[in-house]
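Working notes, structure below.
Number of protein chains: 4
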Amino acid sequence: MNTSSLSRRVPVQARSEQRLKTILEAARLVFSEVGYAGATMTEIARRVGVSEATIFTYFASKRDLCVRVLGNWYDEIIAQVENELPLIAGTRSKFAYLVRTHLYRLTVDGTGLCALILSEGREKDDKFGDVIVELQRRYTAPMMSVLAEGVANGDIRADMSLGLLRSAIYGPMEHVLWDAVRKERAVDIEATAASLAELLWQGLVPPDARRGALQQLRSDIVGAVRRFEAAVSK
Amino acid sequence: MNTSSLSRRVPVQARSEQRLKTILEAARLVFSEVGYAGATMTEIARRVGVSEATIFTYFASKRDLCVRVLGNWYDEIIAQVENELPLIAGTRSKFAYLVRTHLYRLTVDGTGLCALILSEGREKDDKFGDVIVELQRRYTAPMMSVLAEGVANGDIRADMSLGLLRSAIYGPMEHVLWDAVRKERAVDIEATAASLAELLWQGLVPPDARRGALQQLRSDIVGAVRRFEAAVSK
Amino acid sequence: MNTSSLSRRVPVQARSEQRLKTILEAARLVFSEVGYAGATMTEIARRVGVSEATIFTYFASKRDLCVRVLGNWYDEIIAQVENELPLIAGTRSKFAYLVRTHLYRLTVDGTGLCALILSEGREKDDKFGDVIVELQRRYTAPMMSVLAEGVANGDIRADMSLGLLRSAIYGPMEHVLWDAVRKERAVDIEATAASLAELLWQGLVPPDARRGALQQLRSDIVGAVRRFEAAVSK
Amino acid sequence: MNTSSLSRRVPVQARSEQRLKTILEAARLVFSEVGYAGATMTEIARRVGVSEATIFTYFASKRDLCVRVLGNWYDEIIAQVENELPLIAGTRSKFAYLVRTHLYRLTVDGTGLCALILSEGREKDDKFGDVIVELQRRYTAPMMSVLAEGVANGDIRADMSLGLLRSAIYGPMEHVLWDAVRKERAVDIEATAASLAELLWQGLVPPDARRGALQQLRSDIVGAVRRFEAAVSK
DNA sequence: AATGAATGAGACTTCATTCAT
DNA sequence: CATGAATGAAGTCTCATTCAT
């Protein structure tokens, strides 16, 4: 008697592994090129070379497809980071690594998915619910850890919120990439990453590390003066 | 200007002028709230209180309307900056002013228009052509000048391209704002602007200005002291 | 800042009174011919001679259109009944009038809308919410009143629930009409109404009213016997 | 028949036989729950636990499947009735039996199939052709026979067409059931069947059987008494 | 016999845009 | 100038049905 909710054709997780992959690839491209609203199932289907209906046998809806695309993207990056980061020692080196990796991913996949997350993540009618928020959190988790540790051991300034630091770090990278895409110019990842890491690091280190140098100078002078006075009073 | 309750016959031209302004205001809100694709002429018309057809007597198309909205927004900001910036002296102060102003505009108008520019500016089928690129260029022109001057007079590091510096400056601000919007939390503009300006400035100043100058000073003093001690002990 | 629920084009109540009427007429036909699920906006539009989109400027959705069609139908019938019923005296006459009127409406409009109500009214996923239940209630209200009064003043049997009586009354009429439609034969309304009213009335009157006749006969006989005995004993 | 846990090799034919039965059962449920248009092959296949394609190896089309479902349903009922009806004597008892049985079947299987027949039977584009008409005819044949015999031997009124009587009988029952389904209340079959049978019977018996016979008897007695009195008083 | 996979046809719905008044 | 009315084009999604394996 349970009339409600007849099962519409539920796409099982894997009909044809290969086809599924192809669709995800095409979708990633399309979404990243024109955003969620701009993307059409027709276009995605066209690129895969199948009918629209076929895609709906793999994904229940456009939204679902998009969520999967984003999820996969994150998973790839996160997997890579989780493998490599532990091999690196030192706050600054870890920081530089994360900057370089982020820039690399953005460059390889384009900045589209990133834009997607940023712009769709803020829709009031939470089309994507907390999915994006969670992905975002997972993605930035390693960086946040590095920052937190840095703060703890004095490598990183403690006078600003971690959230602000995060913005200060990821913001520039997205900006750089958009710039590049807009101008259709390739980015020299290594160089840009190095520059940005250097520039940002200067902003991240505690002012005291700098003031420390002053302190040193001051004590040097004080010491010299003392010696001088001692010498004079002889 | 006080036509309000008297309803003296307002010249036709003027009435249209007013209508046009109202439409632009409504459109700015709608576009910034839901993006280009999400915005509908219906909604804009509804807010203005006219029919959709009316809007088409003022603007040839949705795209046109959007371009005008963006153009106006830029014009306002640029006008403000061109008025106030000359009154400020010193690279760092100018820089801080521009950061604060940018953050303020984004906060007041929401980050929507900014997102619009960022995300629509990169469509492959150049829906907006080079319009956005040009606007963007005009908008950042003052900051670019400040940076260029800073580089020239040694206030700002010369070892990175201005474009990269620009990204390092505007990127974080957009990021901060999106974060705020996503979490529906208000931003303390003054505090955030101050923090960001401080953080970024540390990255912008020439490395020599920091380490070099101190080192120099220190070795100068040390040298002097030595010479002095040598002279005294003789 | 209220981004959510942007007003999609809301169809105002009356764009072109005439057009609206035409659409409602066409929709009534289509819905009653093929049911809700079977009806398509395309077909309705085709009959009206407009594009599908036009219909959506008058009605927000297929469901809405259907609700309006049903509502109008009920309103027509109810209005007629409320005008005429008060002019009739006597439970039986009122009953007969309601039977005749119901049959007439069904014959004129076909039994389709009736079927619609009956079959859509029972969907578990209340596509029509309580709309149909309420319409149904309003429609049968007059008959229910007549039955209740009849029960009160002894014209109608009190040993069965009013709901059962209602089914016993409306059921046959729908059945008759479906039969007619299926066989594509016209119905002699007056004759059928009279027959059904007569047949049903016999079922509705209290069994006592019939037993009454027996009582009468019995007392007649008893009286006669008495007189007879008196005469004999003389 | 007990192939259950032993899993002895079941002949292919038999396995198919079983499968066919399972499909028909699932289909009956689905069709009766959501109607023809609302039913999907996907849902039916899901309930059977096979792929949709499999169903198409047993039935050429959705329409075909539906026709078979209806046909089977009718066959079951008819078989039951043909077995039991001959064992019952007397028009009234037979009538009551048929009412009770009909109500029972509807209650057990839900009113869905009945609705299906009623609503699909009237499509203009005869999707089901005359199939339904014929099924309906076969189903009501026993009742029609009883009515015809009743008319012949004076148990049932002869002043109304059998078709009308049939509607007067089946209509109320469907109505009662729909009412029950709509209100999700269980029906007390025995009580309802008894009430309806009583009520309807009163409408079915010849008016003469009630009034006429009494009247006749009465006037006979009155006449006899008069003659007797006259004789006595002489 | 069974099915995984695919799809054509079509459903409802949206929206920028046009045009006569 | 303003708009009521209309619509073509397109979008997401559904589903009965086919076919190679």
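Chains as they are written, first to last, in the numbering used here: chain A, 1009 to 1242; chain B, 1009 to 1242; chain C, 1009 to 1242; chain D, 1009 to 1242. For every residue, glycine included, the Cβ atom is placed at its ideal position computed from N, Cα and C.
Output, in chain order, the set of chain A residues within a Cβ distance shorter than 7 Å of methionine 1168 of chain B.
Locating residue 1168 of chain B in the second sequence gives position 160, counting from the first residue. Going along chain A in sequence order, the residues near methionine 1168 of chain B (Cβ under 7 Å) are Ser1203, Leu1207.
Does the beta-carbon of serine 1153 of chain C have 16 or more other beta-carbons within 10 angstroms, so that it is buried, or is it exposed?
Start at 1 with the first residue of the third sequence, and residue 1153 of chain C comes out as number 145. Per the 10 Å Cβ criterion, exposed.
Label serine 1227 of chain D either buried or exposed according to how many other C-beta atoms from any shown protein chain fall within 10 Å of its C-beta, with 16 as the threshold for buried.
What you label residue 1227 of chain D is simply residue 219 of the fourth sequence in a count that begins at 1. Serine 1227 of chain D is exposed by the Cβ-count criterion.
Quick one: give me the first and last residue of the alpha helix (DSSP H) that serine 1059 of chain B is part of.
Here residue 1059 of chain B corresponds to residue number 51 of the second sequence, with the count starting at 1. No alpha helix (DSSP H) contains serine 1059 of chain B, which DSSP labels as neither H nor E.
Could you name the residues of chain D that serine 1175 of chain C contacts, counting a contact when the two beta carbons are closer than 7 Å?
One-based indexing of the third sequence puts residue 1175 of chain C at position 167. In chain order: Pro1180, His1183, Val1184, Asp1187.
So, at 8 Å on beta carbons, what are the nonlocal neighbours of valine 1195 of chain D in its own chain, with the 5 sequence-adjacent residues on each side left out?
Mapped onto the fourth sequence, residue 1195 of chain D falls at position 187. Around valine 1195 of chain D: Leu1111, Thr1115, Val1184, Leu1185, Ala1188.
Given a cut-off of 8 Å, decide if leucine 1121 of chain A and serine 1203 of chain A are closer than it, judged by their beta-carbon atoms.
Within the first sequence, the letter at position 195 stands for residue 1203 of chain A. Within the first sequence, the letter at position 113 stands for residue 1121 of chain A. No. Outside cutoff.
Does the distance from the CB of alanine 975 of chain C to the CB of proline 1214 of chain C come in under 8 Å?
Nothing can be reported for residue 975 of chain C, as the shown portion of chain C is limited to 1009 through 1242.
Quick check on the burial criterion: 16 or more other C-beta atoms within 10 angstroms. Buried or exposed for glutamine 1026 of chain D?
For this step, residue 1026 of chain D is matched to residue 18 along the fourth sequence. Exposed, because fewer than 16 other Cβ atoms sit within 10 Å of the Cβ of glutamine 1026 of chain D.
Name, please, each residue of chain A whose Cβ falls closer than 8 Å to the Cβ of alanine 1236 of chain B.
Counting from 1 along the second sequence, the entry for residue 1236 of chain B is found at position 228. The question names alanine, but residue 1236 of chain B in the sequence shown is phenylalanine. Residues of chain A passing the Cβ test: Phe1236.
How would you label aspartate 1083 of chain A, buried or exposed, when you count the other beta carbons within 10 angstroms and need 16 or more for buried?
As a first step, residue 1083 of chain A must be located in the first sequence, where it is residue number 75. By the neighbour-count rule (16 or more Cβ atoms within 10 Å), aspartate 1083 of chain A is not buried but exposed.
Using the Cβ count rule (16 or more neighbours within 10 Å means buried), how would you classify aspartate 1163 of chain D?
In the fourth sequence, residue 1163 of chain D corresponds to position 155, counting from 1. It is buried - the Cβ of aspartate 1163 of chain D has at least 16 other Cβ atoms within 10 Å.
For glycine 1046 of chain A, count neighbouring C-beta atoms within 10 Å of its own C-beta (all shown protein chains included) and say buried if the count is 16 or more, exposed if not.
Start at 1 with the first residue of the first sequence, and residue 1046 of chain A comes out as number 38. Glycine 1046 of chain A is buried by the Cβ-count criterion.
In angstroms, rounded to a whole number, what distance separates the CA positions of alanine 1239 of chain B and valine 1240 of chain A?
As a working mapping, residue 1239 of chain B is identified with position 231 in the second sequence. As a working mapping, residue 1240 of chain A is identified with position 232 in the first sequence. When rounded, the distance between both Cα atoms is 11 Å.
Just to confirm, are threonine 1065 of chain A and alanine 1053 of chain A a CB contact at a threshold of 8 Å?
What you label residue 1065 of chain A is simply residue 57 of the first sequence in a count that begins at 1. What you label residue 1053 of chain A is simply residue 45 of the first sequence in a count that begins at 1. Contact flag unset, no.
Whose C-alpha, out of D:Gly1043, D:Arg1076, D:Ser1024, D:Arg1071, is nearest the C-alpha of leucine 1032 of chain D?
Here the question's residue 1032 of chain D lines up with position 24 in the fourth sequence. Residue D:Arg1076 is the option with its Cα nearest to leucine 1032 of chain D.
Among the residues of its own chain, which have a CB less than 8 Å from the CB of isoleucine 1140 of chain C, if the five just before and after it don't count?
The residue you call residue 1140 of chain C lines up with position 132 of the third sequence. Only Leu1078, Ile1125, Glu1128, Gly1129 meet the Cβ criterion.
Can you pull the chain C neighbours of isoleucine 1164 of chain D, defined as C-beta to C-beta under 9 Å?
Within the fourth sequence, residue 1164 of chain D is the residue found at index 156, counting from 1. Result: empty, since nearest Cβ-Cβ is about 11 Å, beyond 9 Å.
Drop a sphere of 10 angstroms on the beta-carbon of serine 1024 of chain D, count the other beta-carbons inside from all chains shown, and report buried for 16 or more, exposed for fewer.
Residue numbering aside, residue 1024 of chain D sits at position 16 when the fourth sequence is read from its first letter. Serine 1024 of chain D should be labelled exposed.
Output yes or no for whether 8 Å exceeds the beta carbon distance between leucine 1155 of chain D and leucine 1173 of chain D.
To locate residue 1155 of chain D, count along the fourth sequence from 1; it is residue 147. To locate residue 1173 of chain D, count along the fourth sequence from 1; it is residue 165. Cβ atoms of leucine 1155 of chain D and leucine 1173 of chain D: closer than 8 Å.
Please check the pair glutamine 1210 of chain C and glycine 1158 of chain D, which I expect to be a contact at CB under 8 Å, by giving their CB distance rounded to whole angstroms.
In the third sequence, the residue the question calls residue 1210 of chain C occupies position 202. In the fourth sequence, the residue the question calls residue 1158 of chain D occupies position 150. With 8 Å as the limit, glutamine 1210 of chain C and glycine 1158 of chain D do not qualify as a contact, their Cβ atoms being about 15 Å apart.
Look up isoleucine 1229 of chain D in the DSSP assignment and say whether it is helix, strand or coil.
As a first step, residue 1229 of chain D is located in the fourth sequence; it is residue number 221 there, counting from the start. In the structure shown, isoleucine 1229 of chain D sits in a helix (DSSP, three-state: H, G or I).
Roughly how many whole angstroms lie between the Cα atoms of valine 1056 of chain C and arginine 1108 of chain C?
In the third sequence, the residue the question calls residue 1056 of chain C occupies position 48. In the third sequence, the residue the question calls residue 1108 of chain C occupies position 100. Each residue's alpha carbon lies about 32 Å from the other.
Take valine 1038 of chain A as the anchor and find which of A:Glu1092, A:Ala1087, A:Phe1067, A:Asp1117 has the nearest alpha-carbon.
For the purposes of this step, residue 1038 of chain A is identified with residue 30 of the first sequence, where counting begins at 1. Measuring from the Cα of valine 1038 of chain A, the nearest candidate turns out to be A:Asp1117.
Would you mind telling me which residues of chain D sit closer than 8 Å to alanine 1239 of chain C, beta carbon to beta carbon, in chain order?
Residue numbering aside, residue 1239 of chain C sits at position 231 when the third sequence is read from its first letter. Near alanine 1239 of chain C (Cβ distances below 8 Å), the residues of chain D are Glu1237, Val1240, Ser1241.
At the level of alpha carbons, what is the spacing between alanine 1160 of chain C and leucine 1170 of chain C?
The count along the third sequence starts at 1 and reaches residue 1160 of chain C at position 152. The count along the third sequence starts at 1 and reaches residue 1170 of chain C at position 162. The alpha-carbon atoms of alanine 1160 of chain C and leucine 1170 of chain C are separated by roughly 12 Å.
Measuring only the C-alpha atoms, how far is serine 1069 of chain A from methionine 1049 of chain A?
Locating residue 1069 of chain A in the first sequence gives position 61, counting from the first residue. Locating residue 1049 of chain A in the first sequence gives position 41, counting from the first residue. In a straight line, the C-alpha of serine 1069 of chain A is about 9 Å away from that of methionine 1049 of chain A.
Report the neighbours of threonine 1200 of chain D on chain C: residues whose CB is nearer than 8 Å to its CB, in chain order.
The residue labelled residue 1200 of chain D in the question sits at position 192 within the fourth sequence. Result: Leu1172.
Going by CA-CA distance only, name the one from C:Asp1138, C:Gly1179, C:Phe1103 that's closest to alanine 1205 of chain C.
Position 197 of the third sequence, counting from 1, holds the residue named residue 1205 of chain C. Alanine 1205 of chain C has its Cα closest to that of C:Phe1103, out of C:Asp1138, C:Gly1179, C:Phe1103.
Measuring only the C-alpha atoms, how far is arginine 1235 of chain B from isoleucine 1229 of chain B?
Residue 1235 of chain B sits at position 227 when you count from the first residue of the second sequence. Residue 1229 of chain B sits at position 221 when you count from the first residue of the second sequence. In a straight line, the C-alpha of arginine 1235 of chain B is about 10 Å away from that of isoleucine 1229 of chain B.
Asparagine 1080 of chain D: which of D:Ala1097, D:Ser1101, D:Lys1029 sits nearest, CA to CA?
Stepping through the fourth sequence from its first residue, residue 1080 of chain D is reached at position 72. Of the listed residues, the one whose Cα sits closest to asparagine 1080 of chain D is D:Lys1029.
Is serine 1015 of chain D buried or exposed, if buried means 16 or more other CB atoms sit within 10 Å of its CB?
One-based indexing of the fourth sequence puts residue 1015 of chain D at position 7. With a pLDDT of only 49 at serine 1015 of chain D, under the threshold of 50, the placement of this residue in the model should not be trusted; the figure read from the coordinates follows. Serine 1015 of chain D is exposed by the Cβ-count criterion.
Find the residues of chain A that neighbour arginine 1226 of chain B, judging by a C-beta separation of less than 7 Å, and give them in chain order.
Stepping through the second sequence from its first residue, residue 1226 of chain B is reached at position 218. What arginine 1226 of chain B touches in chain A: Leu1225, Asp1228.
Mind pulling the chain C residues with CB within less than 7 Å of glycine 1098 of chain D?
By one-based count along the fourth sequence, residue 1098 of chain D stands at place 90. Result: empty, since nearest Cβ-Cβ is about 19 Å, beyond 7 Å.
Going along chain A, which residues have a C-beta under 9 Å from glycine 1043 of chain B?
Walking along the second sequence from the start, residue 1043 of chain B turns up at place 35. Near glycine 1043 of chain B (Cβ distances below 9 Å), the residues of chain A are Gly1043, Ala1045, Ser1127, Glu1131.
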